[in-house]
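All remarks here apply to the structure that follows.
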Amino acid sequence: MTATQDFVHVFEPATRPGAPTLLLLHGTGADERDLLPLGRALSPGAALLSPRGRVSENGMNRWFRRLREGVFDVDDVVARSAELAGFVTAAARDYGLDPDRIVVSGFSNGANTGAALLLLHPRLLSGAALFAAGAPLQGREPDPVDLSGVRVFLGSGAADPVTTPDQARLLAAQLGDRGADVEAREHPGGHRLDPDVLAQARDWFDRSRF
């Protein structure tokens, strides 16, 4: 059973009454402090829960193993997602968070992990704002889980060589087919957090009223 202390993490309590919790999942090579500014921008005053990935690839923090660039170890995706789901549940209990108002946001490897949480642990999260995310269960069709009521923002790059547009669109379709309310925005650039897409994500967050 995963405990809160099993993950190195940062927790910042909410400073706005009634604010949700943002679960922040960094990209490859970053750490638990990397996306704190993103969390503050998306939902000022929200509680921030930002763990560090427990997989090391050539000294870089990651959330799950990959066999080579662009090819995931899907069994590890499943196992590591279960560990992370256990951490989120434990942290909600230990920090007194509303378990029905946790929204995940991540970039790249973290965004893929956030997508895996949605598909593999469908009642864990109330929403997601994911950037440069693709379908995480490569070669496997996710179970037909019920994601009705889950709101998702997906930001992707039309020229992204890491998370290709096809993979981003496949993820949007997988989530939508399972009932999620998906808003997808594409920018003309590559594998990055685009400022215009970030502004669109902030607007989406305001409209979603988590």
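Residues in the sequence shown are numbered consecutively from -10, following this note's numbering. For each residue, glycine too, the CB sits at the ideal point set by N, CA and C. Since the model is a prediction, treat every value here as computed from it, not as a measurement.
Beta-bridge pairing of Pro40 - partner residues as DSSP gives them: Partner(s): His(-2).
Range covered by the beta strand (DSSP E) that runs through Phe53: Unbroken run through Phe53: none, as it is neither H nor E.
Option nearest Gly178 by Cα separation, candidates Ser145, Phe76, Glu46, Ala81: Of Ser145, Phe76, Glu46, Ala81, the residue nearest in Cα terms is Ser145.
Closest residue to Asp23 among Ala122, Gln163, Gly99 (Cα-Cα distance): Of Ala122, Gln163, Gly99, the residue nearest in Cα terms is Gly99.
Neighbour-count burial assignment, Pro133, 16 or more Cβ in a 10 Å radius: Burial call: exposed.
Cβ distance (whole Å) where Thr(-7) is taken to contact Ala80 below 8 Å: Indeed, because the Cβ distance is near 5 Å, the residues count as touching under 8 Å.
Where Phe194 sits in the DSSP three-state scheme: Helix.
Leu12 vs Val63 beta-carbon contact at 7 Å: Result no, Cβ atoms of Leu12 and Val63 do not sit closer than 7 Å.
Any 3 or more C-beta pairs closer than 8 Å across the segment 100 to 114 and the segment 56 to 76: With a cut-off of 8 Å on Cβ pairs, the segment 100 to 114 is in contact with the segment 56 to 76, counting three or more such pairs.
Buried/exposed call for Asp185, threshold 16 Cβ in 10 Å: With fewer than 16 other beta carbons inside 10 angstroms of its own, Asp185 counts as exposed.
Residues of its chain near Arg90, where Cβ-Cβ distance is below 7 Å and the 5 sequence neighbours each way are ignored: For Arg90, same chain residues with a beta-carbon under 7 Å away, outside a window of 5 residues either side, are Pro9, Thr10, Ser115, Phe199 in chain order.
Terminal residues of the beta strand (DSSP E) in which Ser94 lies: 91 to 96 is the extent of the beta strand (DSSP E) around Ser94.
Contacting residues, own chain, Cβ-Cβ under 6 Å from Gly18 (five flanking each side not counted): A distance below 6 Å between beta-carbons, with the five flanking residues on each side excluded, links Gly18 to the following residues of its chain, in chain order: Met49.
Sequence-distant residues of the same chain with beta carbon closer than 6 Å to Leu126, five excluded per side: Answer for Leu126: Val63, listed in chain order.
Cβ pair Leu113, Ala148 closer than 7 Å: Their beta carbons are not under 7 Å apart, which means Leu113 does not touch Ala148 by this criterion.
Beta-carbon proximity check, Gly95 vs Leu14, cutoff 7 Å: For Gly95 and Leu14, yes; Cβs fall inside 7 Å.
Distance CB(Gly168)-CB(Asp135) smaller than 7 Å: Going by C-beta atoms, Gly168 is nearer than 7 Å to Asp135.
Separation of Val66 from Ala105, as counted between CA atoms: Their Cα atoms are separated by approximately 7 Å.
Paired residues, beta bridge with Val151 - DSSP: For Val151, which the question treats as bridged, DSSP gives no partner whatsoever.
For Val63, the three-state DSSP class (helix, strand or coil): If DSSP states are grouped into helix, strand and coil, Val63 belongs with the helices.
Status (buried if at least 16 other CB within 10 Å, exposed otherwise) for Gly34: Classification of Gly34: exposed, given that the 10 Å Cβ count is below 16.
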